[in-house]
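Read top to bottom, the protein sequences are chains A and B.
Each residue of the first sequence is one higher than the one before, counting from 5 in the working numbering.
Each residue of the second sequence is one higher than the one before, counting from 34 in the working numbering.
Below: the structure, in structure tokens.
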Amino acid sequence: MSDKILEIKHLKKYFALKNRLTVKAVDDVSLELGKGETLGLVGESGSGKSTIAYVLVGMYEATEGDILYKGEDLAKAGLYRTLKQKGEIQIVFQDPGSSLNPKRTIRKSLTVPLQVHDKGLSKPRMDARVGELLEAVGLPAEFADKYPRAMGGGERQLISVARALATHPSLVILDEPTSALDVSIQAKVISKLVALQKELMLSYLFITHDLSLMRNVADRVAILYLGRLCEQAPAADFFEKPLHPYTRMLLSSIPVATSEEEELKPAKILSTGEIPSPVNVPPGCAFHQRCKDMLPVCAAERPVMREVSPGHEVCCHLYNAN
Amino acid sequence: MDESWKETLKRSWLKYSESKITVLGLAIVAGFVFLALLGERIVPYPEHIGSFVDFANASGAPSGAHPFGTDLIGRDVLSRIVGSFRNTLLMGVIVLCISAPIGFMVGVIAGYNKGKPVDTVLMRLTDIFLAIPPLVLALAIASVLEPNMTNSMLAITVMWWPWYARLAYGVSSSLRTENYIIYAELTGVKLPHIIFREILPNCLSSMLTKMTLDMGYVIIMGATLSYAGLGEQAPKPALGSMISQGVKYMPEQWWLTVFPAIAIIVLVLGFNLFGDGISNMLGTDES
Numbered sequence: 005m006s007d008k009i010l011e012i013k014h015l016k017k018y019f020a021l022k023n024r025l026t027v028k029a030v031d032d033v034s035l036e037l038g039k040g041e042t043l044g045l046v047g048e049s050g051s052g053k054s055t056i057a058y059v060l061v062g063m064y065e066a067t068e069g070d071i072l073y074k075g076e077d078l079a080k081a082g083l084y085r086t087l088k089q090k091g092e093i094q095i096v097f098q099d100p101g102s103s104l105n106p107k108r109t110i111r112k113s114l115t116v117p118l119q120v121h122d123k124g125l126s127k128p129r130m131d132a133r134v135g136e137l138l139e140a141v142g143l144p145a146e147f148a149d150k151y152p153r154a155m156g157g158g159e160r161q162l163i164s165v166a167r168a169l170a171t172h173p174s175l176v177i178l179d180e181p182t183s184a185l186d187v188s189i190q191a192k193v194i195s196k197l198v199a200l201q202k203e204l205m206l207s208y209l210f211i212t213h214d215l216s217l218m219r220n221v222a223d224r225v226a227i228l229y230l231g232r233l234c235e236q237a238p239a240a241d242f243f244e245k246p247l248h249p250y251t252r253m254l255l256s257s258i259p260v261a262t263s264e265e266e267e268l269k270p271a272k273i274l275s276t277g278e279i280p281s282p283v284n285v286p287p288g289c290a291f292h293q294r295c296k297d298m299l300p301v302c303a304a305e306r307p308v309m310r311e312v313s314p315g316h317e318v319c320c321h322l323y324n325a326n
Numbered sequence: 034m035d036e037s038w039k040e041t042l043k044r045s046w047l048k049y050s051e052s053k054i055t056v057l058g059l060a061i062v063a064g065f066v067f068l069a070l071l072g073e074r075i076v077p078y079p080e081h082i083g084s085f086v087d088f089a090n091a092s093g094a095p096s097g098a099h100p101f102g103t104d105l106i107g108r109d110v111l112s113r114i115v116g117s118f119r120n121t122l123l124m125g126v127i128v129l130c131i132s133a134p135i136g137f138m139v140g141v142i143a144g145y146n147k148g149k150p151v152d153t154v155l156m157r158l159t160d161i162f163l164a165i166p167p168l169v170l171a172l173a174i175a176s177v178l179e180p181n182m183t184n185s186m187l188a189i190t191v192m193w194w195p196w197y198a199r200l201a202y203g204v205s206s207s208l209r210t211e212n213y214i215i216y217a218e219l220t221g222v223k224l225p226h227i228i229f230r231e232i233l234p235n236c237l238s239s240m241l242t243k244m245t246l247d248m249g250y251v252i253i254m255g256a257t258l259s260y261a262g263l264g265e266q267a268p269k270p271a272l273g274s275m276i277s278q279g280v281k282y283m284p285e286q287w288w289l290t291v292f293p294a295i296a297i298i299v300l301v302l303g304f305n306l307f308g309d310g311i312s313n314m315l316g317t318d319e320s
């Protein structure tokens, strides 16, 4: 595996509510991301995947744990990280509607990061950079003088990508970048992202609830449930040999079109129940109430992550060594 | 570029003129601005705007020479009404151009820091100002200070900014969770840029609409203060003080009161219609 650009160790992010309750949005998550790699972080809504993204970019400080970016700890830095780090770790948000200021042209939106990270750039150089950024994401230069309302969701999302590229990032957090888009446009945005990654050696933390998307995009896939990791594996391994009962449930719920695809899928496991509230996480394994293969120990004891085959980790009592 | 600018203007006018009555408002406002600018150059008796005495023609009813009659010391009422427009309009413009930016800054700082102590302090302060009846506060301030036009503008400004603070607060507290604001914070953009380049453009249309709609109310407030003797001092003309002097001689010398009152009504009506038109044009719903 290539060099580590990001190491998250035992990250916890708790939010205190008014009535003395705590939301354990992220509870002891460890992840690694290599240079030029894509890590797919998959989970249902409320599983804490966006919270991880926000801690990484500095919107929140971590409650506990370490975030090592190129060896430097960012867990407690929040927004007080260096300007260089702010430029190198960028984010593309889910909602293309609110990513761009509706009252400003694309040119103005794209010059925002340039004014901060390329101080003293002359006006013509600035315009040239805007042109380059638009070209990089495959949009015509005329888009610079348009307003966001004159564009489609996919185009706006590409502009968000272009804006993230403006500061020469090495780690881009993609927070469900395509879930608000039409399927036909999703493919276009994804293929652009993949091409850019190769060209610029970007590392992606790709957050999504769409597992099938990960098959084509991710090098590694991690499954998050109620703020805890269930399973983490190289993408191929993950789709061939899913181990965690929750992963199997998710994989079997992907709709398929052809019979070959049908054969690849694990036996149908009906999804039962809803994801519990993160305020009130069940004791033991967080998933035990919805689990088909529940053991007596599951309700009592929280399982730990263990490696079952090289690079393939699972957090489940079924795979205890004995 | 030039072409698209013309296009924008044309589209704006189409939107503005959708309702014919707002076009009337624009005409009224334009007329008053015209009269205010020319002032003493077009009135029949320019010298009557100041301290002029002509007892021979005192208290004359409307006639050919004096269409709106003459006052107690023989000055032409029409000349004095027209002569007062410049200060009346100037007062509205100055009050709004000072209170809107102050209110914006207070509201935006509070709204951007929603939930923090700064927000609580600033917005509770704003609430205190809003809780006091505006006229009472303005009268109190104006009467403590020396009565003149500057101080009456000051008094109105002091009670006017909270409305703009509320407006800016509403917009900025909802914008702060928009992704482009969060993006700016994460990328290391400085606060002034966020306030003036990202938030301000989103407040501008509702602020402008409110300013045009408020113009009429500021004029009424100014006239009220001058009615109470706290505005522009004699011999300079002010609509409010002309009415307050005239009411003593109602109904016999009705022209002293009725014509300045009509001027106020038309002025306020014009600005309200104009404000409605601006609201239609900018697509802000101010109701």
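All C-beta atoms, glycine included, are put in the ideal place defined by N, C-alpha and C.
Among residues of its own chain, excluding the 5 on either side of residue i, which ones have a beta-carbon nearer than 7 Å to its beta-carbon?
i, result
"B:Leu233", "none"
"B:Ser45", "Met314"
"A:Met309", "Leu233, Glu317 and Cys319"
"B:Glu73", "Pro79, Ile82 and Gly116"
"B:Pro150", "none"
"A:Leu185", "Gly157, Gly158, Gln161 and Val193"
"B:Ala171", "Ala188, Ile189, Met192, Met254 and Leu258"
"A:Ala154", "none"
"B:Pro95", "Phe101, Gly102 and Trp288"
With C-beta atoms as the reference, is residue i less than 8 Å away from residue j?
i, j, result
"B:Val299", "B:Gly249", "no"
"B:Tyr145", "B:Ser239", "no"
"A:Val225", "A:Leu197", "no"
"B:Leu200", "B:Gly140", "yes"
"B:Ala198", "B:Thr159", "yes"
"A:Glu235", "A:Ile211", "no"
"B:Val251", "B:Val128", "yes"
"A:Val187", "A:Gly44", "no"
"A:Val134", "A:Ile95", "no"
"B:Tyr202", "B:Ala143", "yes"
"A:Pro80", "A:Glu65", "Residue identity differs from the one stated: residue 80 of chain A is Lys in this sequence, not Pro. Yes, Cβ-Cβ distance for A:Lys80 and A:Glu65 is below 8 Å."
"A:Val59", "A:Pro282", "no"
"B:Arg119", "B:Ala69", "yes"
At a CB-CB cut-off below 7 Å, which residues of chain B make contact with residue i?
i, result
"A:Leu327", "Lying before the first or after the last residue shown, residue 327 of chain A is absent from chain A, which here runs from 5 to 326."
"A:Phe97", "Asn212"
"A:Leu21", "By Cβ distance, chain B contributes nothing, its closest Cβ being about 14 Å from A:Leu21, past 7 Å."
"A:Thr171", "Thr220"
"A:Lys90", "Leu219, Thr220 and Gly221"
Strictly below 8 Å CB to CB, what residues from chain B border residue i?
i, result
"A:Arg108", "Arg230, Glu231 and Pro234"
"A:Leu87", "Gly221"
Apart from the five residues on each side of it in sequence, which residues of its chain come closer than 8 Å, Cβ to Cβ, to residue i?
i, result
"B:Gly93", "His99, Gly102, Thr103 and Gly107"
"A:Asn23", "none"
"A:Pro286", "Pro280, His292, Gln293 and Ala303"
"B:Asp35", "Bear in mind that a pLDDT of 48 at B:Asp35, under 50, signals an unreliable position, so the model cannot answer this."
Enumerate in chain order the residues of its own chain whose CB-to-CB distance from residue i is below 6 Å, with the five nearest sequence positions on each side excluded.
i, result
"B:Phe307", "Gly58, Leu59, Val62 and Thr245"
"B:Asp309", "Thr55"
"A:Ser33", "The amino acid at residue 33 of chain A is misidentified as Ser; the sequence shows Val. Closer than 6 Å at Cβ, skipping near neighbours: Leu15 and Leu233."
"A:Phe243", "Arg219"
"A:Glu41", "Ser207 and Asp223"
"B:Thr41", "none"
"A:Lys127", "none"
"B:Ser152", "Here the sequence assigns Asp to residue 152 of chain B, which means Ser is not the residue at that position. Cβ within range, chain order: Ala143 and Asn146."
Please look up how many angstroms separate the CB atoms of residue i and residue j, rounded, as I've assumed it's under 8 Å.
i, j, result
"B:Thr220", "A:Pro117", "5 Å"
"B:Ile392", "B:Leu208", "With chain B covering 34 to 320 only, the question about residue 392 of chain B has no answer from this structure."
"B:Pro167", "B:Met192", "5 Å"
"A:Gly47", "A:Val30", "11 Å between Cβ atoms; not a contact."
"A:Ser263", "A:Ile9", "Not really, about 41 Å apart at Cβ, beyond 8 Å."
"A:Leu83", "B:Glu218", "6 Å"
"B:Asn212", "A:Ser102", "5 Å"
Could you name the residues of chain B that residue i contacts, counting a contact when the two beta carbons are closer than 9 Å?
i, result
"A:Leu83", "Glu218, Leu219 and Gly221"
Quiz item: Quick one, which residues of the region 178-200 of chain B are near chain A if we go by CB-CB under 7 Å, in chain order?
Solution: none
Quiz item: Listed in chain order, which residues of the region 218-229 of chain B have Cβ atoms closer than 8 Å to some Cβ of chain A?
Solution: Glu218, Leu219, Thr220, Gly221, Val222, Lys223 and His226
Quiz prompt | the region 138-150 of chain B: positions lying closer than 8 Å to chain A by Cβ | solution = none
Exercise. Could you name the residues of the region 112-141 of chain A whose beta carbon sits closer than 8 Å to any beta carbon of chain B, in the order they occur along the chain?
Key: Lys112, Ser113, Val116, Pro117, Gln119, Val120 and His121
Quiz prompt | Near-chain B residues of the region 59-78 of chain A - C-beta to any C-beta below 9 Å | solution = Val61, Gly62 and Met63
Quiz item: Going along the chain, which residues of the region 33-56 of chain A sit with their C-beta nearer than 7 Å to a C-beta in chain B?
Solution: none
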